[in-house]
Amino acid sequence: TRFDIFTHEFALEAMKNQKPKLLFIGYGEADDYGHDEDYDQYITSINRNDRMIEELWNYVQSDPFYKDQTTIIVTTDHGRGNGRQWPEHYDEIPGSDEGFILMIGNGINPKKFKQKQTYLNQIASTIADLMKVKTWNYKDSGKSLLK
Ligand SMILES: [Zn+2]
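Using the numbering used here, the letters of the sequence shown map in sequence onto residues 6 to 152.
See the structure below:
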């Protein structure tokens with residue numbers, strides 16, 4: 006995995022120069038530090054990611070192309086194990102199947118998601134819903150979080 010600051014700067018430059026309507030940014034440092042059992046760097050990396058997401062949000066709200074019509078979805082592809090197993094995330098590691106989904110911006114009503122269990126297989130249909138594009142009924146896809 007490359008350092009997240011490079012991924013972040015590439016993403017920001019792409020937004021400024023190419024104006025994509027959909028952009029996936031995969032930060033990976035925290036996962037690497039977690040597997041290395043380097044808790045200090047793990048926490049530091051998560052804190053840097055928080056600031057990067059803040060910078061993304063501030064950028065989209067300052068650019069007329071994105072302002073008030075952009076949604077940012079932040080999630081992980083897995084959680085981390087409980088207790089001493091925190092560095093790992095496999096099927097047999099309790100807790101590692103629990104993550105989070107954060108959504109901010111256009112089309113998101115915070116009251117609708119309070120205390121609601123969600124699943125990662127709902128993200129694709131949520132993105133399609135936000136972008137107002139039709140989706141196909143793939144057997145493993147979940148229902149849009151906006152429904
Ligand atoms: Zn991992």
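The C-beta atom is built at its ideal place from N, Cα and C for all residues, glycine as well.
Q: Output the boundary residues of the beta strand (DSSP E) element that contains asparagine 107.
A: Within the sequence shown, the letter at position 102 stands for residue 107. Just to set this straight, residue 107 is leucine in the shown sequence, not asparagine. 106 to 110 is the extent of the beta strand (DSSP E) around leucine 107.
Q: Specify which residues have a beta carbon nearer than 6 Å to any heavy atom of ligand 1, listing them in chain order.
A: Asp36, His40 and His94
**Q.** Burial state of histidine 13, where buried means 16 or more other Cβ atoms lie within 10 Å
**A.** Along the sequence shown, read from residue 1 onward, the residue named residue 13 stands at position 8. Flag for histidine 13 reads buried.
Q) Which residues in the same chain have their Cβ closer than 6 Å to the Cβ of methionine 20, if we skip the five residues on either side of it in sequence? A) For the purposes of this step, residue 20 is taken as residue 15 along the sequence shown, with counting starting at 1. Answer for methionine 20: no residue qualifies.
**Q.** contact_flag[the stretch 83 to 103, the stretch 128 to 140] where n(CB pairs < 8 Å) is 3 or more
**A.** no
(Q) Could you tell me the alpha carbon to alpha carbon distance between glycine 33 and serine 50, rounded to whole angstroms? (A) Locating residue 33 in the sequence shown gives position 28, where the first residue counts as 1. Locating residue 50 in the sequence shown gives position 45, where the first residue counts as 1. Each residue's Cα considered, the two are about 9 Å apart.
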